[in-house]
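Protein chains: 2
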Amino acid sequence: MSTDWAAHDLKVQNHHGGNLAATSRIRHVLIAAITAGDIAPGARLKEIDLGQQLGVSRTPLREAMSALKAEGVLSIGDDGGLRVRTLDYQDIHALYQLRAKLESMAAELAAAQASPAEREFIAEIRAKESILVNDGINPATLAKLNGQFHQSIALASHNSFLVETLQRLSILMVLLGPTAYSLAERVREIGAEHDAINNSIQTHDPIAAKQAASIHLQNAVKARLQLIASGHKDNID
Amino acid sequence: MSTDWAAHDLKVQNHHGGNLAATSRIRHVLIAAITAGDIAPGARLKEIDLGQQLGVSRTPLREAMSALKAEGVLSIGDDGGLRVRTLDYQDIHALYQLRAKLESMAAELAAAQASPAEREFIAEIRAKESILVNDGINPATLAKLNGQFHQSIALASHNSFLVETLQRLSILMVLLGPTAYSLAERVREIGAEHDAINNSIQTHDPIAAKQAASIHLQNAVKARLQLIASGHKDNID
DNA sequence: TTGCATACATTTGCATACAATATAAGAAAA
DNA sequence: TTTTCTTATATTGTATGCAAATGTATGCAA
């Protein structure tokens with residue numbers, strides 16, 4: 055395996071005082087590496103190797119892994135070693151099923167009680183996304199914007215635990231493989247579905263929003279299953 | 055503050071191989087201490103003191119705290135110190151709102167697709183609970199059985215992420231204070247509500263199960279708010 | 001060849017030591 | 001008295017070393 059994925063650094067987003075450096079950074083780097091496919095699900099993470107590649111000692115590394123284990127990203131395999139969690143067919147269904155329920159709940163609540171500023175914010179993200187789609191921007195950018203769209207809706211639900219939970223589930227999505235706004239066809243569909251959600255929110259229609267989000271996720275899992283079946287491998291919404 | 059809560063030990067429930075000793079144990083002890091009210095929300099956790107009381111060094115302690123932070127039980131306060139998370143009025147609403155959605159989802163799925171064995175298991179727990187209620191058993195035992203009831207339903211949903219998420223939320227419930235099956239009146243109501251859920255599951259009626267679970271949680275939050283208003287302090291379902 | 005046992009190597013778990021940073025207290029100057 | 005600078009102390013962050021546990025390989029015997 056190449057060792058260059060340690061290059062997944064990023065400005066340490068330490069807004070006020072938090073756990074500035076290592077532990078938090080390691081967590082992000084590991085997630086990034088998994089997202090990029092540099093570390094595959096099932097791969098065993100050995101503390102010493104990992105520490106050397108990341109340039110940190112085992113102590114903060116273990117803390118990061120402890121957190122990731124709690125989040126369900128890592129798990130202890132049959133051999134006792136810590137591994138990247140693997141999702142089987144049933145897990146994929148379960149994950150999407152739960153996300154569908156929660157995303158539609160978020161959309162419903164957002165449509166009912168988002169503030170004007172929040173509605174505008176959601177609309178702006180959707181507009182940006184729409185433009186980028188037409189420009190044929192790279193998948194990674196679209197995936198990021200997609201995440202922002204969903205998160206802005208979650209935030210507008212004004213339910214912090216819903217936000218946390220969806221955040222957690224979206225991290226688990228990386229276990230399905232690299233994101234794939236690479237299928238032009240599906241990209242268009244996603245745009246239309248996002249539009250439906252956004253419109254419902256803008257018109258204060260909770261029922262429609264809930265419905266639209268539900269359909270969106272239903273199509274997402276369908277697309278995912280197609281990808282799996284075709285062995286094509288790639289992550290969609 | 056008394057230091058005797060370190061006595062919250064417990065047989066190391068290490069069924070196959072897990073993290074037998076310190077890190078895992080610390081996590082449980084801390085949760086138990088918070089549940090019992092020995093450590094109040096908002097309290098700052100200082101590594102050295104804590105380590106001495108628990109008889110462990112800071113390293114495993116930090117790992118446990120790192121995990122609890124990821125789970126949302128602990129959070130970093132304004133001063134940068136790690137504290138037990140405090141829930142404000144809105145948080146309580148949000149927590150119950152999310153639980154309501156997920157518990158009803160679990161009940162719905164369980165009613166639709168639980169195996170015969172799973173249905174029997176759920177019914178047995180309910181029966182046990184019913185007997186204990188009539189015997190006037192202590193609140194702690196009832197709370198434990200209540201947890202088993204809800205968990206057995208979650209498991210019967212056959213959605214592992216739903217199980218994980220509900221598990222996580224139920225841990226956060228400890229932040230609301232000590233459990234309170236101490237209100238005789240509410241105990242009876244809970245029994246009736248559990249019966250409704252159980253019956254719907256036994257008769258394979260997903261819609262009724264969903265409805266019953268939803269009502270159950272709605273009443274739970276109402277009871278909780280009453281407790282808060284009366285300053286009576288005590289945890290209900 | 002298969003099963004088992006023992007020895008070896010690897011890896012994790014924990015503790016201690018060290019470093020850096022934040023906090024509080026106190027003294028000096030305005 | 002108030003403010004600020006300094007110093008001391010408390011607390012968290014990181015590294016390393018050691019011990020225990022666990023997986024793995026090798027060899028022997030059936």
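Line by line, the protein sequences are chains E and A.
Position one of the first sequence corresponds to residue 55 (my numbering), numbered consecutively onward.
Position one of the second sequence corresponds to residue 55 (my numbering), numbered consecutively onward.
Yeah, the Cβ is synthetic: ideal placement off N, Cα and C, and Gly gets one too.
With distance defined between alpha-carbon atoms, name the residue in E:85, E:162, E:283, E:205 nearest to residue 180 of chain E. E:205
Please report the distance separating the alpha-carbon of residue 147 of chain E from that of residue 273 of chain E. Taking the CA atoms as reference points, residue 147 of chain E sits about 12 Å from residue 273 of chain E.
Extent of the continuous beta strand (DSSP E) to which residue 130 of chain A belongs: 128-130
Name the residue from A:220, A:228, A:173 whose alpha carbon lies nearest to the alpha carbon of residue 93 of chain A. A:228
Using the beta-carbon count (16 or more within 10 Å), is residue 244 of chain E buried or exposed? Residue environment analysis places residue 244 of chain E among the buried positions, since at least 16 neighbouring C-beta atoms fall within 10 angstroms of its C-beta.
Tell me the rounded alpha-carbon separation between residue 30 of chain A and residue 200 of chain A. Any property of residue 30 of chain A remains undetermined from this structure, which presents chain A solely from 55 to 291.
Supposed contact pair residue 97 of chain A and residue 139 of chain A - C-beta distance, whole angstroms, cut 8 Å: Not a contact, Cβ separation roughly 10 Å.
Which residues in chain E have a C-beta closer than 7 Å to the C-beta of residue 151 of chain A? List them in chain order. 213
Check whether the Cβ of residue 177 of chain A lies closer than 8 Å to any Cβ atom in chain E. no
Nearest-angstrom Cβ-Cβ length linking residue 130 of chain E and residue 225 of chain E, presumed shorter than 8 Å: So it is not a contact: roughly 18 Å between Cβ atoms.
Beta-carbon contacts of residue 105 of chain E that lie in its chain and below 7 Å, excluding the five residues immediately before and after: 111, 112, 115
Quick check on residue 148 of chain A - is its C-beta less than 8 Å from some C-beta in chain E? yes
Check the Cβ-Cβ distances between residue 257 of chain E and every residue of chain A, and say whether any is below 8 Å. no
Unbroken alpha helix (DSSP H) run spanning residue 79 of chain E, endpoints: 76-89
Just to confirm my understanding: we take residue 63 of chain E, look at its own chain, exclude 5 residues before and 5 after, and list those with CB closer than 6 Å. What are they? Low per-residue confidence applies at residue 63 of chain E: pLDDT is 48, beneath 50, and the placement is therefore not dependable, though the value from the model is reported in the following sentence. Here the set comprises nothing.
Near-chain A residues of the region 166-197 of chain E - C-beta to any C-beta below 9 Å: none
Per DSSP, which residues does residue 347 of chain A bridge with? Please list them. One cannot answer for residue 347 of chain A here, as it falls past the ends of chain A, which runs 55 to 291.
Find the residues of chain A that neighbour residue 100 of chain E, judging by a C-beta separation of less than 7 Å, and give them in chain order. Within chain A, no residue comes near residue 100 of chain E; the closest Cβ sits about 17 Å away, beyond 7 Å.
So, are the CB atoms of residue 252 of chain A and residue 176 of chain A less than 8 Å apart? yes
Could you name the residues of the region 100-126 of chain E whose beta carbon sits closer than 8 Å to any beta carbon of chain A, in the order they occur along the chain? Those residues of the region 100-126 of chain E that come within reach of chain A (Cβ to Cβ, closer than 8 Å) are 113, 116, 117, 118, 120, 121, 122, 123, 124, 125, 126.
DSSP bridge partner residues for residue 98 of chain E (one or two, in chain order): In the DSSP output, where bridge partners are listed per residue, residue 98 of chain E has E:137.
Around the Cβ of residue 284 of chain E, are there at least 16 other Cβ atoms within 10 angstroms (buried) or fewer (exposed)? exposed
Would you mind reading off the limits of the alpha helix (DSSP H) that contains residue 177 of chain E? 170-189
Going along the chain, which residues of its own chain have a beta-carbon closer than 7 Å to the beta-carbon of residue 167 of chain A, five neighbours each way excluded? 212
Comparing C-alpha positions only, which one of E:154, E:187, E:102 sits nearest to residue 219 of chain E? When only C-alpha atoms are compared, the closest one is E:154.
Using only alpha-carbon positions, find the residue among A:194, A:102, A:173 that is nearest to residue 210 of chain A. A:173
Please compile the residues from chain E whose C-beta is within a distance smaller than 9 Å of the C-beta of residue 140 of chain A. Chain E residues near residue 140 of chain A: none, gap ~12 Å exceeds 9 Å.
Three-way DSSP call (helix, strand, coil) for residue 235 of chain E in this model: coil
If you count every other CB in all the chains shown that lies within 10 Å of the CB of residue 151 of chain A, and 16 or more means buried, which is it? buried
If I measure Cβ to Cβ from residue 157 of chain E and keep anything under 6 Å in the same chain, skipping five residues before and after, which residues do I get? 267, 271
Counting only Cβ pairs nearer than 9 Å, list the residues of chain E close to residue 155 of chain A. 155, 156, 159, 216
Excluding five sequence neighbours on each side, which residues of the same chain lie with their C-beta closer than 7 Å to the C-beta of residue 256 of chain A? 173, 177
Suppose the cutoff is 7 Å on Cβ atoms and the five residues either side in sequence are ignored; what does the same chain contact list for residue 71 of chain E look like? With a pLDDT of 35 at residue 71 of chain E, under the threshold of 50, the modelled position of that residue is not reliable, and no figure is offered here.
Since residue 80 of chain E and residue 108 of chain E are thought to touch, with beta carbons under 8 Å apart, how far apart are those beta carbons, to the nearest angstrom? 6 Å
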